[in-house]
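Chemist: Residue numbers (my numbering): 232 to 907.
We treat Cβ as the ideally placed atom computed from N, Cα and C, and that holds for glycine.
Because the structure is a prediction, the values reported are computed rather than measured.
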Amino acid sequence: MGAAAAFALPLAAYAQDAQPSVTATSPDGSIVLTVSTDNDQRPTYSISRKGKLLIAPSKLGFLLTDAIAMERGFAITGSEKASADTTWEQPWGESRYVRDHHNEILVHFKQSADWGGRLMDVRFRLFDNGVGFRYEIPKQPAMTTMNIADEITEFDVASKGTAWWIPGGEWNRYEQIYQKTPIDCVSTAHTPVTMRLDDGTHLSFHEAALVDYSGYWLKHVTGGLFRTTLAPSPDGPRVSRKLPFDTPWRTIRIAPDAAGLVENNLELNLNEPNKEGDVSWFKPMKYVGIWWGMITGKWTWAEGPKHGATTERAMKTIDFAAKHHFGGVLVEGWNRGWNGNWLGHGDQFSFTRATPDFDLDKVAAYAKKKGVQLIGHNETGGDIANYEAQMEDAFRLYHSLGMNSVKTGYVADAGGINAPGDKPGTIKMEWHDGQRNVEHHLKVVKMAARYHIAIDSHEPVKDTGLRRTYPNWIDREGARGMEYNSWGKFANPPGHEATLVYTRMLSGPMDFTPGVLTLEGANGVPMASTLAKQLGLYLAIYSPIQMAADFTDNLAKFPKELDFISRVPANWSESHLIAGSVGEYAIFARKDRNSDDWYLGGVNDADQRTLTLNFDFLDPGKTYTATIYKDGEGATYLTDARHRIAIETRTFRKGDTYKLWLAPGGGAAIRLHPGK
Ligand code: NOJ
Ligand code: CA
Numbered sequence: 232m233g234a235a236a237a238f239a240l241p242l243a244a245y246a247q248d249a250q251p252s253v254t255a256t257s258p259d260g261s262i263v264l265t266v267s268t269d270n271d272q273r274p275t276y277s278i279s280r281k282g283k284l285l286i287a288p289s290k291l292g293f294l295l296t297d298a299i300a301m302e303r304g305f306a307i308t309g310s311e312k313a314s315a316d317t318t319w320e321q322p323w324g325e326s327r328y329v330r331d332h333h334n335e336i337l338v339h340f341k342q343s344a345d346w347g348g349r350l351m352d353v354r355f356r357l358f359d360n361g362v363g364f365r366y367e368i369p370k371q372p373a374m375t376t377m378n379i380a381d382e383i384t385e386f387d388v389a390s391k392g393t394a395w396w397i398p399g400g401e402w403n404r405y406e407q408i409y410q411k412t413p414i415d416c417v418s419t420a421h422t423p424v425t426m427r428l429d430d431g432t433h434l435s436f437h438e439a440a441l442v443d444y445s446g447y448w449l450k451h452v453t454g455g456l457f458r459t460t461l462a463p464s465p466d467g468p469r470v471s472r473k474l475p476f477d478t479p480w481r482t483i484r485i486a487p488d489a490a491g492l493v494e495n496n497l498e499l500n501l502n503e504p505n506k507e508g509d510v511s512w513f514k515p516m517k518y519v520g521i522w523w524g525m526i527t528g529k530w531t532w533a534e535g536p537k538h539g540a541t542t543e544r545a546m547k548t549i550d551f552a553a554k555h556h557f558g559g560v561l562v563e564g565w566n567r568g569w570n571g572n573w574l575g576h577g578d579q580f581s582f583t584r585a586t587p588d589f590d591l592d593k594v595a596a597y598a599k600k601k602g603v604q605l606i607g608h609n610e611t612g613g614d615i616a617n618y619e620a621q622m623e624d625a626f627r628l629y630h631s632l633g634m635n636s637v638k639t640g641y642v643a644d645a646g647g648i649n650a651p652g653d654k655p656g657t658i659k660m661e662w663h664d665g666q667r668n669v670e671h672h673l674k675v676v677k678m679a680a681r682y683h684i685a686i687d688s689h690e691p692v693k694d695t696g697l698r699r700t701y702p703n704w705i706d707r708e709g710a711r712g713m714e715y716n717s718w719g720k721f722a723n724p725p726g727h728e729a730t731l732v733y734t735r736m737l738s739g740p741m742d743f744t745p746g747v748l749t750l751e752g753a754n755g756v757p758m759a760s761t762l763a764k765q766l767g768l769y770l771a772i773y774s775p776i777q778m779a780a781d782f783t784d785n786l787a788k789f790p791k792e793l794d795f796i797s798r799v800p801a802n803w804s805e806s807h808l809i810a811g812s813v814g815e816y817a818i819f820a821r822k823d824r825n826s827d828d829w830y831l832g833g834v835n836d837a838d839q840r841t842l843t844l845n846f847d848f849l850d851p852g853k854t855y856t857a858t859i860y861k862d863g864e865g866a867t868y869l870t871d872a873r874h875r876i877a878i879e880t881r882t883f884r885k886g887d888t889y890k891l892w893l894a895p896g897g898g899a900a901i902r903l904h905p906g907k
């Protein structure tokens, strides 16, 4: 049957052609998957939870640039089932052990000869709190390379509800304010996209193991119907792959509540196990630096009278770090290349040559002597051609100086990544989440691992759980961080962090850089935060490296708060969201990986509220001395009362309850130490 005939026939004519469906369930049976083909022999899947349809039949397939689409004319030729229940250990993270309990079904599809005769397998993994599936394109006679114009995987959300999302494909990459809209008012969004259905079910659409492929944006079609659209490429196809290959996993977290959405390891479980072996050379830590000086405009990255990265200032910062038990010091602007218009013009950057007023050898030796890690900084301006040419020399140099982490940066507008062209002397403009830049990031991470360097990427590609496979990829930016609070009218709104917890943070750790205790940005511009919230951020937004971002002189003016920051861990044995609502508030309880201490805290949006917290999480039989940092009476982000903080001590035992008032724009942090 030809394409034209297929359109002409009445639907009923296909009913008899429809293939039998295959089904699979999650381990507890609550989530049911049905895979089928529709009346035009297009592969489809649907998902229900506890008998209620969540994802209505949604199509699977690809548009190609050089062959007829892999869309119609498919039949299911077989399927195989498997299941697993294992527990694996993270070298660092929000929790030490992760359980991977799933059922799996691999469905084989074959297209009829007149539609191209291609083979396509789809592997589904069903967990009790989510579903992941990927295409596996086997070796086959019909094609050797797949040139993908777009992926047309659908997600037909069967109920109404609310969505939290940022637009995909816009100039500022992932650094945008989250929008809260009805589901059918989403346009094209970066993932993770969070939805709360009217019955309270929480969903998150994202992907896992984005390797050698373009990131997808979730494109709204109509009503509850969405489909994938891949980040563009300067070449014809958005993705080009030799067969056989697997796509990244398309993931849907499915949970009855906010905690189930957050305490959910779907993407990590869908990534490959650690390929780097022992990474104990990287230790989670907190760090300070001179960064806030450049962000507020007091100092500059570029050389000149206001140059921030001087030898003397770096050594002073190292002294501060050593005195207050910070593991690391970040000194940006230490290298050559910042003097021109570096934004989007990264070809001038050297990653091995320091400015004349910065003695790298001396600073690195001083850091080593003081037991502090000097954190490298490699801003590329998005010029990955320049960076790829230098990175091995750079990592070798840093390793020889005893450094073991580097913050990278890709400041360039979306679509402004400068990659080597096909011929010498030519360039290609790529997207931050296009196939070429996805490849670039992994090249950097793998090369860095060879020199025992951990990578913190800013202006990155979104995280898709690759830290499991490459645990030296410790964190990323990939959202609006603290820096925006320095920039007056561009500041983050008071509910920003309580939104990040349920959106961006579902993808992985973020270098948000909390800890601006003066609550002031450039020219003294006030932030939409209370002082207690700055401490709560260390519990709300996870990263294995956490900055105390304020000027060190300012941090010293807040000795009690500084004491909390220098104690709060960046590595946990378990983490639980004990109170929270998407975009409104988030309170976590986390247990230190290296002691029996518990920490509790988090952030609030613009509306004050009182929560009754249950201390059920504490270990039984112990009495804990708690140091509580909470919003003081009358505190509000709206006035100078933002600095009102109440610091108290009391004891808690498992099962105690506690009433906690959160100010408008507020937060809280509690350290619980066993013993009196
Ligand atoms: C933007 C990053 O977000 C910031 O942290 C960094 O300091 C500048 N780029 C310069 O690399
Ligand atoms: Ca940034």
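(1) Who pairs with Pro274 in a beta bridge, going by DSSP?
(2) Nearest-angstrom Cα distance between Pro702 and Lys514?
(3) Along the chain, where does the beta strand (DSSP E) containing Ser812 start, and where does it finish?
(4) Using 8 Å for Cβ pairs, my map puts Glu382 next to Phe293. What's the rounded Cβ distance?
(5) Less than 8 Å between the C-beta atoms of Ala780 and Trp522, yes or no?
(6) Does the distance between the C-beta of Glu406 and the nearest non-hydrogen atom of ligand 4 fall short of 7 Å?
(7) Sort Asn617, Asn378, Leu605 by Cα distance to Tyr629 and report the nearest one.
(8) Could you say which of Thr744, Met301, Pro775 lies nearest to Phe782 if we only look at CA atoms?
(9) Could you check where the beta strand (DSSP E) with Arg472 kicks off and where it finishes?
(10) Can you tell me which of the three DSSP states Pro322 falls into?
(11) At 4 residues or longer, what runs of the alpha helix (DSSP H) sit wholly inside the region 467-506?
(12) Any heavy atom of ligand 2 inside 7 Å of the beta-carbon of His555?
(13) Answer yes or no: the CB of His727 versus the heavy atoms of ligand 2, is any distance below 7 Å?
(14) What residue ranges within the region 501-559 form continuous beta strand (DSSP E) runs of no fewer than 3 residues, ordered along the chain?
(15) Using CA atoms only, rank isn't needed, just tell me which of Val603, Trp569, Arg681, Leu737 is closest to Arg707.
(16) By Cβ distance below 6 Å, which residues in the same chain neighbour Gln579 in space, the five residues on each side in sequence not counted?
(17) Could you tell me if the beta carbon of Glu690 falls within a distance shorter than 7 Å of some heavy atom in ligand 2?
(18) Which two residues bound the contiguous alpha helix (DSSP H) that contains Ser631?
(19) Three-state secondary structure (DSSP) at His672?
(20) Taking just the CA atoms, how far does Arg544 sit from Ala490?
(21) With 8 Å as the threshold, decide whether the Cβ of Asp781 is near any Cβ in chain B.
(22) Between which two residues does the beta strand (DSSP E) holding Leu844 run?
(23) For Asp847 and Trp346, I'd like the C-alpha separation in whole angstroms.
(24) Is the region 622-636 close to the region 548-557, with three or more CB pairs under 8 Å?
(25) Helix, strand or coil: which one does DSSP assign to Asn835?
(26) If His339 sits next to Ile307, beta carbons under 8 Å apart, how far is it from one beta carbon to the other, in whole angstroms?
(27) With a threshold of 7 Å, establish whether the CB of Glu714 neighbours any heavy atom of ligand 2.
(28) Mind checking which residues open and close the beta strand (DSSP E) that includes Ser636?
(29) Hey, how far is the Cα of Arg711 from the Cα of Leu697?
(30) Would you kindly report the start and end of the unbroken alpha helix (DSSP H) that includes Asn785?
(31) Note the first and the last residue of the continuous beta strand (DSSP E) segment covering Val329.
(32) Rounded to whole angstroms, what's the CA-CA distance from Val562 to Ile408? Just pull it up for me.
(33) For Ser636, count neighbouring Cβ atoms within 10 angstroms of its own Cβ and tell me buried if that reaches 16, exposed if not.
(34) Go to Pro790, then tell me how far its beta strand (DSSP E) extends in each direction, as first and last residue.
(35) Whole angstroms is fine: what's the gap from Pro504's alpha carbon to Arg699's?
(36) Let me know if Val519 comes out buried or exposed under the rule of 16 or more other beta-carbons within 10 Å of its beta-carbon.
Modeler: This is what the structure holds:
(1) Taking the sequence shown and counting its residues from 1, one reaches residue 274 at position 43. DSSP lists Thr268 as partners of Pro274.
(2) On the sequence shown, residue 702 is found 471 positions in, with the first residue counted as 1. On the sequence shown, residue 514 is found 283 positions in, with the first residue counted as 1. Between Pro702 and Lys514, the C-alpha separation is close to 11 Å.
(3) Along the sequence shown, read from residue 1 onward, the residue named residue 812 stands at position 581. Unbroken beta strand (DSSP E) run through Ser812: 803-812.
(4) In the sequence shown, residue 382 corresponds to position 151, counting from 1. In the sequence shown, residue 293 corresponds to position 62, counting from 1. About 6 Å; that satisfies the 8 Å criterion.
(5) For this step, residue 780 is matched to residue 549 along the sequence shown. For this step, residue 522 is matched to residue 291 along the sequence shown. Yes, Cβ-Cβ distance for Ala780 and Trp522 is below 8 Å.
(6) This structure lacks ligand 4; the ligands present are ligand 1 and ligand 2.
(7) Here residue 629 refers to the residue found at position 398 when the sequence shown is read from its first residue. Comparing Cα-Cα distances from Tyr629 to each of Asn617, Asn378, Leu605, the minimum goes to Leu605.
(8) Position 551 of the sequence shown, counted from the start, is the residue given in the question as residue 782. Of Thr744, Met301, Pro775, the residue nearest in Cα terms is Thr744.
(9) Here residue 472 refers to the residue found at position 241 when the sequence shown is read from its first residue. 470-473 is the extent of the beta strand (DSSP E) around Arg472.
(10) The count along the sequence shown starts at 1 and reaches residue 322 at position 91. Coil.
(11) 489-493, 497-501
(12) For the purposes of this step, residue 555 is taken as residue 324 along the sequence shown, with counting starting at 1. Answer for His555: no, Cβ out of range of ligand 2.
(13) For the purposes of this step, residue 727 is identified with residue 496 of the sequence shown, where counting begins at 1. Every heavy atom of ligand 2 is 7 Å or more from the Cβ of His727, so no.
(14) 516-520
(15) The sequence position of residue 707 within the sequence shown is 476, counting from 1. The shortest Cα separation from Arg707 among Val603, Trp569, Arg681, Leu737 belongs to Leu737.
(16) For the purposes of this step, residue 579 is identified with residue 348 of the sequence shown, where counting begins at 1. Answer for Gln579: Gly568, Gly571, listed in chain order.
(17) Locating residue 690 in the sequence shown gives position 459, counting from the first residue. True, at least one ligand heavy atom lies under 7 Å from that Cβ.
(18) Counting from one through the sequence shown, the residue named residue 631 turns up at place 400. Its alpha helix (DSSP H) spans residues 615-631.
(19) In the sequence shown, residue 672 corresponds to position 441, counting from 1. In the structure shown, His672 sits in a helix (DSSP, three-state: H, G or I).
(20) Taking the first residue of the sequence shown as 1, we reach residue 490 at position 259. Taking the first residue of the sequence shown as 1, we reach residue 544 at position 313. Distance between the alpha carbons of Ala490 and Arg544 is about 43 Å.
(21) Considering every chain present, this structure includes no chain B. It has just one protein chain.
(22) In the sequence shown, the residue the question calls residue 844 occupies position 613. Unbroken beta strand (DSSP E) run through Leu844: 840-845.
(23) The residue given as residue 847 occupies position 616 in the sequence shown. The residue given as residue 346 occupies position 115 in the sequence shown. Cα to Cα, the separation comes out at about 59 Å.
(24) no
(25) Residue numbering aside, residue 835 sits at position 604 when the sequence shown is read from its first letter. Asn835 falls in the strand class under three-state DSSP.
(26) Residue 339 sits at position 108 when you count from the first residue of the sequence shown. Residue 307 sits at position 76 when you count from the first residue of the sequence shown. Their Cβ separation, rounded to whole angstroms, is 7 Å, which keeps His339 and Ile307 in contact under 8 Å.
(27) Within the sequence shown, residue 714 is the residue found at index 483, counting from 1. Under cutoff, so the answer is yes.
(28) The count along the sequence shown starts at 1 and reaches residue 636 at position 405. 636-640 is the extent of the beta strand (DSSP E) around Ser636.
(29) Residue mapping note: residue 711 aligns to position 480 of the sequence shown, counting from 1. Residue mapping note: residue 697 aligns to position 466 of the sequence shown, counting from 1. C-alpha separation (whole angstroms): 21 Å.
(30) Position 554 of the sequence shown holds residue 785. Taken as a continuous stretch (DSSP letters only), the alpha helix (DSSP H) holding Asn785 covers 783-786.
(31) For the purposes of this step, residue 329 is taken as residue 98 along the sequence shown, with counting starting at 1. From DSSP, the beta strand (DSSP E) with Val329 extends over 328-342.
(32) Numbered from 1 along the sequence shown, position 331 holds the residue referred to as residue 562. Numbered from 1 along the sequence shown, position 177 holds the residue referred to as residue 408. In a straight line, the C-alpha of Val562 is about 28 Å away from that of Ile408.
(33) Along the sequence shown, one-based indexing puts residue 636 at 405. Looking at its Cβ environment, which holds 16 or more other Cβ atoms inside 10 Å, Ser636 is buried.
(34) For this step, residue 790 is matched to residue 559 along the sequence shown. Premise fails: Pro790 lies in the alpha helix (DSSP H), 790-798, not in any beta strand (DSSP E).
(35) Along the sequence shown, read from residue 1 onward, the residue named residue 504 stands at position 273. Along the sequence shown, read from residue 1 onward, the residue named residue 699 stands at position 468. One C-alpha to the other measures close to 6 Å.
(36) Sequence index remark: in the sequence shown, residue 519 carries index 288 (1-based). Buried is the call here.
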